[in-house]
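K.L.:
Next up is a structure, given as structure tokens.
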Amino acid sequence: MAQTCYVCHGPDGRSGGPVASLAGLPREHIVRQMTEFRTGRRPGTVMNRIARSYSEEQIGAIAEFIATLK
Amino acid sequence: MAATRRFVLGMAGAAAALGTIGRPALAQGAAGKVVVIGAGFGGATTARYLRRANAALDVTVVEREERFITCPFSNCVIAGFRHMEQITHGFDGLRKAGVNVVKGEAAGVDPAARTVTLGDGSRLSWDRLVLSPGIDLNFTGLPGYSEAAAEMMPHAWKPGAQTLLLRRQLEAMPDGGTFIVCPPANPFRCPPGPYERVSVVAWYFRNNKPKSKILVFDAKDSFSKQGLFQAAWESEFPGMITWVAGRDGGKVESVDAGAMAVTTAFGVQKGAVVNVIPPQRAGAIAHAAGVAAENGWCPVNPATFASTRVPGVYVVGDAAIAGAMPKSGSAANTQGKVVAAAIVDSLAGRSPAPPALFNVCYSLVTPDYGISVADVYQVNEKGITPTPDAGGVSVRTPTALNERKLEADYTYNWYTNITADIWG
Ligand SMILES: Cc1cc2nc3c(=O)[nH]c(=O)nc-3n(C[C@H](O)[C@H](O)[C@H](O)COP(=O)(O)OP(=O)(O)OC[C@H]3O[C@@H](n4cnc5c(N)ncnc54)[C@H](O)[C@@H]3O)c2cc1C
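So the sequences go chain by chain: R and Z.
Reminder that position 68 of the first sequence reads as 68 in our numbering, one-by-one numbering, no gaps.
Reminder that position 232 of the second sequence reads as 1232 in our numbering, one-by-one numbering, no gaps.
Rendered as structure tokens:
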């Protein structure tokens, strides 16, 4: 699932553009941001639409994987 | 002993669970030979992610072109704010990833012998075959249109010489001319593509030939991101663009390239420049391999993208029938990752992990005005469907966040990152 994030956040989470890199972000930070996008507490252009597609468990699993990217 | 076995089983379970998220780049699974036809969005992704998942795999890509030109951003070339070199990618990144890149034309497939025959008569054998040939244009699908007619009325739906031809025609067009665009019926490559093209050409006209008009004769009654596009056309280019729905007489019945004329239920309309986007079908090799259905596209298992017709063969990208997923580069990219994982599992004798399918189509209205549609897909007995109550299109009314400008920046960001993921 996390590999689908790469088209905007860069291969292996290393972005070559203005959208943030995910590599190096701690698990808790990713879970918190995804949850805030999901509930709408954090505004965004596209992440709200994306985060709403995942369950809490899926967000946990995605964050777990991303946290292993260096 | 029991504890050890439980531990080993636990590890296998953990590895399988990880497989659904993403695989670490180390060899885990059986060796095998995989041949991929096409080094475009779907094929190059598949090849690369096969090697990442299992470095013991022998992966060969067959591609007829020396370098790949992307359709994404070819509309920007047509509108004059991108150059061809910026949308052209070589295959050194694939080679560095350990993929064999063979330049040639895949001419035939023998599913029983598990071989592919190339144009020069040579043969490649495979344990698994992946087809990502993209589309062929159906030149017989529209009376009056042909490869010769396309030299006067370009389609520019395959990038390269056609892209530059349309650009030159628009540059040569006098101010006050009419540009006619004829989008096809569904399904076709890149559902928002014709409307992005209309938008960025309108931007070019606004800056250079403001008296010009754009007429869109559509075979369809509705189109992708329609509300967002039409609102943008009104605010950015008032009075310049007229879109005629199929039911209102927009369906093109025939074209006459010599007269630069298009015939619809309305009668005959002449244009200074005419862009005809003809009907399409899966690339010829899919038909030769026996994986295409009557309707011209390839039915696949929605969880693995394995052909439902020929065992051992997978189809990704535009050629595949992928439920609700559009025929886009983004879709082909996630499908390639799904197929890579499915092939690794299948060679290792494992059952496939649940597929992670996603799409985003960013479109530019002007170089500073972007919109998008994004969906995460579910796979179940209904096939591939968007996740309910999620995904969808950009906000209808922009806020203080300045969504349109940000999404333009993120469109360039998407291009940078997806092309790095595939060919970088
Ligand atoms: C104007 C336009 C704009 C677009 N914009 C976007 C966009 O912004 N975002 C987006 O996501 N998508 C966009 N798309 C869609 C995108 O280009 C396609 O969906 C994508 O290219 C599909 O990938 P594919 O792998 O199926 O085919 P392709 O990328 O076309 O790759 C197929 C490759 O196979 C090769 N090939 C075919 N047959 C053979 C053979 N027999 N032997 C050897 N080689 C062969 C071809 O040469 C080609 O390189 C756009 C399309 C157009 C036309």
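Yeah, the Cβ is synthetic: ideal placement off N, Cα and C, and Gly gets one too.
All figures in this text were calculated on a predicted structure; none of them were measured in a lab.
Can you give the Cα-Cα distance for residue 1058 of chain Z and residue 1361 of chain Z, rounded to whole angstroms?
P.N.:
33 Å
K.L.:
How would you label residue 1022 of chain Z, buried or exposed, when you count the other beta carbons within 10 angstroms and need 16 or more for buried?
P.N.:
Caution is warranted here: a pLDDT of 44 is assigned to residue 1022 of chain Z, below 50, making its placement in the model unreliable, and the coordinate value is therefore given only provisionally. In the assembly as shown, residue 1022 of chain Z is a buried residue. Its beta-carbon has 16 or more other beta-carbons within 10 Å.
K.L.:
If you measure from the beta carbon of residue 1376 of chain Z to each beta carbon in chain R, is any gap under 7 Å?
P.N.:
yes
K.L.:
Which residues in the same chain have their Cβ closer than 6 Å to the Cβ of residue 1173 of chain Z, if we skip the five residues on either side of it in sequence?
P.N.:
1272 and 1273
K.L.:
Determine the DSSP secondary structure at residue 1371 of chain Z, reduced to helix, strand or coil.
P.N.:
If DSSP states are grouped into helix, strand and coil, residue 1371 of chain Z belongs with the strands.
K.L.:
Using 6 Å as the cut-off, classify the Cβ of residue 1285 of chain Z as near or not near the heavy atoms of ligand 1, replying yes or no.
P.N.:
yes
K.L.:
Can you pull the chain R residues whose beta carbon is under 7 Å from the beta carbon of residue 993 of chain Z, in chain order?
P.N.:
Any answer about residue 993 of chain Z is impossible in this case: the structure gives chain Z only from 1001 up to 1424.
K.L.:
Kindly indicate if chain Z contains any beta-carbon less than 7 Å away from that of residue 58 of chain R.
P.N.:
no
K.L.:
Among Z:1363, Z:1060 and Z:1336, which residue has its Cα nearest to the Cα of residue 1407 of chain Z?
P.N.:
Z:1363
K.L.:
Since residue 1254 of chain Z is in the alpha helix (DSSP H), which residue starts that stretch and which ends it?
P.N.:
Membership of residue 1254 of chain Z in any alpha helix (DSSP H) is not indicated; the residue belongs instead to the beta strand (DSSP E) covering 1254-1256.
K.L.:
Comparing the C-beta of residue 1 of chain R with each C-beta of chain Z, is any distance below 7 Å?
P.N.:
Contact of residue 1 of chain R with chain Z is assigned, a C-beta pair being separated by under 7 Å.
K.L.:
Who are residue 1109 of chain Z's beta bridge partners in DSSP?
P.N.:
DSSP output for residue 1109 of chain Z lists Z:1116 as bridge partner(s).
K.L.:
Report back the beta-carbon spacing between residue 1214 of chain Z and residue 1181 of chain Z to the nearest angstrom; my notes put them in contact at under 8 Å.
P.N.:
7 Å
K.L.:
Could you compute how far the alpha carbon of residue 1015 of chain Z sits from the alpha carbon of residue 1209 of chain Z?
P.N.:
The pLDDT assigned to residue 1015 of chain Z is 36, lower than 50, so where the model puts this residue is not dependable; a value taken from the coordinates is nonetheless given after this. Between residue 1015 of chain Z and residue 1209 of chain Z, the C-alpha separation is close to 60 Å.
K.L.:
Determine the burial state of residue 1220 of chain Z: buried for a count of at least 16 other Cβ atoms within 10 Å of its Cβ, exposed for fewer.
P.N.:
Residue 1220 of chain Z is buried by the Cβ-count criterion.
K.L.:
Could you check the C-alpha separation between residue 1301 of chain Z and residue 1308 of chain Z for me, to the nearest Å?
P.N.:
6 Å
K.L.:
So, does the CB of residue 43 of chain R fall closer than 7 Å to a CB anywhere in chain Z?
P.N.:
yes
K.L.:
Would you identify the three-state DSSP class for residue 1142 of chain Z, choosing helix, strand or coil?
P.N.:
In the structure shown, residue 1142 of chain Z sits in coil (DSSP, three-state: anything other than H, G, I, E or B).
K.L.:
Identify the contact partners of residue 1145 of chain Z in chain R, using a Cβ-Cβ distance below 9 Å as the criterion.
P.N.:
Ordered by position in chain R, no residue passes the 9 Å Cβ test against residue 1145 of chain Z, which lies about 34 Å from the chain.
K.L.:
Report buried or exposed for residue 1168 of chain Z, applying the criterion of at least 16 other Cβ atoms within 10 angstroms of its Cβ.
P.N.:
exposed
K.L.:
Against chain R, does residue 1164 of chain Z count as a neighbour if the rule is that its beta carbon must be under 7 Å from one of theirs?
P.N.:
Not flagged as an interface residue toward chain R: residue 1164 of chain Z, since no C-beta distance is shorter than 7 Å.
K.L.:
Alpha carbons only, please: which of Z:1126, Z:1159, Z:1133 and Z:1052 is nearest the one belonging to residue 1075 of chain Z?
P.N.:
Z:1159
K.L.:
Can you find a heavy atom of ligand 1 that lies under 6 Å from the Cβ of residue 1318 of chain Z?
P.N.:
yes
K.L.:
Between the Cα of residue 1077 of chain Z and the Cα atoms of Z:1034, Z:1092, Z:1165 and Z:1064, which residue gives the shortest distance?
P.N.:
If we check each option's Cα against that of residue 1077 of chain Z, Z:1165 comes out closest.
K.L.:
For residue 1378 of chain Z, which of Z:1423, Z:1051 and Z:1304 has the nearest alpha-carbon?
P.N.:
The option with the nearest alpha carbon to residue 1378 of chain Z is Z:1304.
K.L.:
In or out: residue 18 of chain R buried (at least 16 other Cβ within 10 Å) or exposed?
P.N.:
Classification for residue 18 of chain R: exposed.
K.L.:
When the Cα of residue 1073 of chain Z is compared with those of Z:1049, Z:1130 and Z:1416, which residue comes out closest?
P.N.:
Of Z:1049, Z:1130 and Z:1416, the residue nearest in Cα terms is Z:1416.
K.L.:
Is residue 1191 of chain Z near ligand 1, going by C-beta to nearest heavy atom under 6 Å?
P.N.:
no
K.L.:
Measuring only the C-alpha atoms, how far is residue 1019 of chain Z from residue 1068 of chain Z?
P.N.:
In this prediction, residue 1019 of chain Z has a pLDDT of 40, which is less than 50 and means its spatial position is unreliable; nothing more can be read from the coordinates.
K.L.:
When we look at the beta-carbon of residue 1103 of chain Z and count the other beta-carbons within 10 Å, is it buried (16 or more) or exposed?
P.N.:
exposed
K.L.:
Can you name, in chain order, every residue of its own chain whose Cβ lies under 6 Å from the Cβ of residue 1331 of chain Z, other than the five neighbours on each side?
P.N.:
1325 and 1359
K.L.:
For the beta strand (DSSP E) containing residue 1217 of chain Z, name the first residue and the last one.
P.N.:
1213-1217
K.L.:
Quick check on DSSP: helix, strand or coil for residue 1392 of chain Z?
P.N.:
In this structure, residue 1392 of chain Z counts as strand in the three-state DSSP scheme.
K.L.:
Heavy atom of ligand 1 less than 6 Å from the Cβ of residue 1188 of chain Z, yes or no?
P.N.:
Of the heavy atoms belonging to ligand 1, none sits nearer than 6 Å to the Cβ of residue 1188 of chain Z.
K.L.:
Check the DSSP bridge columns for residue 1058 of chain Z and list the partner residues they point to.
P.N.:
The partner list for residue 1058 of chain Z (beta bridge, DSSP) reads Z:1033.
K.L.:
Using the Cα positions of residue 1295 of chain Z and residue 1092 of chain Z, report the straight-line distance between them to the nearest angstrom.
P.N.:
36 Å
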